[in-house]
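>
Numbering (mature numbering (1 follows the signal peptide of the UniProt record, and there is no 0)), first residue to last: -20 to -1, 1 to 374.
Written out as structure tokens, the structure is:
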């Protein structure tokens, strides 16, 4: 053996969404993680391996086809990938992982007559994640260890967490990308006395558009609330960004969450303890909640850009009440733009050409407890710039 890559994660009981896999159709299991992108599990009837079975000089080696019944997982060779002269003789062997009292770290398959007292033999699929069950908890303590054959690894269980390799997981799907789109179902909290208004529909319409277009990509599997979504119904395509909605998406198989929503420091994507154990296996596409909390404030960003220098910015002032603006209306050069400090799109944004229009609009914002800024109107063509981070493989 040359090296080890290990991962350990314990998932607390998620009884709301977890149902033991019973009488599932036959399925294969694929490994994902650093350097392992969808490699199928195979065996020669005993130990479990990751990689290409044809690299092993053993006529018994074959990809494993699994079935789960009453939480017990049975493995047999998938003979469709084998040549005519290769016919493994092992069938219906029980998958087991070492129990807490076992000194072994080897994941293997055993016969019905073998002693399984030191093994865990209860498994389930949580979405597409393949996990063991023990005492009501879901466990994902898989790790891989290199063999003398390049690209072939043995599968181990419950090794030292100090050598943990984040993101290593087993999935029942060959596609490595399973995306669910989230829309805004939660109201934004009050931040520094200001609440960002919720957009009607919570971006469910654009979320459905994103999911529908991703659905057209051959290399991406879209996980949707409805298995047969109607293109005319936005709710068939994306999940609410509540804790329950996020967990439902993961339970249905998502390992990527597209956060087409408003995030903040107290958002479930940031704070949910029920997501913590599987955070290494699920990725979020979108802005970091803590970053959004800080930079979603137009006043903060304007002040920051002025301090940095080098940017041409309109003259501006902030206010939180009609009375504050009234004191300055006679000293303002019109037209001006009045808009919420925290807002979405064009919500609450208005060009005011005179004192009367400004006071009327500001009164409406004040009545809704919305703090706002008033800034110089800049003539010219409007342009929106979207800054995307560099792509990262993996």
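All residues carry an ideal CB built from backbone N, CA and C; glycine is no exception.
Note the first and the last residue of the continuous alpha helix (DSSP H) segment covering residue 286.
278 to 288
> With residue 281 and residue 354 assumed to form a contact (beta carbons below 8 Å), what rounded beta-carbon distance in angstroms separates them?
The Cβ separation is near 16 Å, so there is no contact.
> Any idea if residue 303 is buried or exposed, counting beta-carbon neighbours within 10 angstroms, 16 or more meaning buried?
That one is exposed.
> Please report how far the alpha carbon of residue 188 lies from the alpha carbon of residue 215, in whole angstroms.
7 Å
> Alpha carbon to alpha carbon, how far is residue 311 from residue 271?
36 Å
> Out of curiosity, what's the CA-to-CA distance linking residue 118 and residue 169?
33 Å
> Work out the CA separation of residue 338 and residue 344 for me, nearest whole Å.
10 Å
> Pick from 226, 85 and 78: whose alpha carbon is nearest that of residue 95?
78
> Tell me whether the beta-carbon of residue 30 lies closer than 9 Å to the beta-carbon of residue 89.
no
> Quick check: residue 322 and residue 171, are their CB atoms within less than 9 Å of each other?
yes
> Buried or exposed, going by whether 16 or more other CB atoms sit within 10 Å of the CB of residue 368?
Counting of Cβ neighbours within 10 angstroms places residue 368 among the exposed residues, the total staying below 16.
> Extract the residue ranges of the beta strand (DSSP E) inside the stretch 193 to 270, only unbroken runs of 3 or more that lie entirely within it.
236 to 239 and 263 to 265
> Would you kindly check if the distance between the Cβ of residue 235 and the Cβ of residue 202 is under 9 Å?
Not a contact, by the Cβ cut-off of 9 Å.
> Check each candidate in 51, 50, 68 and 49 and name the one with the smallest Cα separation from residue 58.
68
> What is the C-beta distance between residue 86 and residue 136, in whole angstroms, given that I count them as a contact (C-beta under 8 Å)?
Going by Cβ atoms, the distance from residue 86 to residue 136 rounds to 6 Å, so yes, they are a contact pair.
> Give the DSSP-derived three-state secondary structure of residue 33 in the structure shown.
Helix at residue 33.
> Between which two residues does the beta strand (DSSP E) containing residue 47 stretch?
42 to 49
> Could you check the C-alpha separation between residue 2 and residue 197 for me, to the nearest Å?
Here residue 2 scores only 38 on pLDDT, less than 50, and its place in the model is too uncertain to base an answer on.
> Have a look at residue 204 and residue 158 and give me their C-alpha separation to the nearest angstrom.
10 Å
> Based on Cα-Cα distance, which residue from 226, 286, 298 and 194 lies nearest to residue 211?
194
> I'd like to confirm the pairing. Which residues does DSSP put opposite residue 112 in its beta bridges?
103 and 119
> Since residue 35 and residue 131 should fall inside the 8 Å C-beta cutoff, what is the C-beta to C-beta distance between them, to a whole number of angstroms?
7 Å
> Assuming residue 298 is part of the beta strand (DSSP E), what are its boundary residues?
296 to 299
> What residue range is occupied by the uninterrupted beta strand (DSSP E) comprising residue 127?
Residue 127 -> no beta strand (DSSP E), and no H or E assigned at all.
> Helix, strand or coil: how does DSSP classify residue 18 here?
strand
> Of all the options 342, 326 and 332, which has the alpha carbon lying nearest to the alpha carbon of residue 362?
Here the closest residue by C-alpha is 326.
> Run through DSSP, which three-state label would residue 367 get?
If DSSP states are grouped into helix, strand and coil, residue 367 belongs with coil.
> Relative to the ligand GTP, is the shortest distance from any of its heavy atoms to the C-beta of residue 161 smaller than 8 Å?
Questions concerning the ligand GTP fall outside what the structure shown contains, since it holds no ligand whatsoever.
> What is the rounded straight-line gap between the Cα of residue 18 and the Cα of residue 241?
In this structure, the alpha-carbon of residue 18 lies about 30 Å from that of residue 241.
> So the beta strand (DSSP E) residue 75 belongs to, where does it begin and stop?
Element bounds for residue 75: 73 to 78.
> Where DSSP assigns a beta bridge to residue 136, which residues make up the other side?
86 and 123
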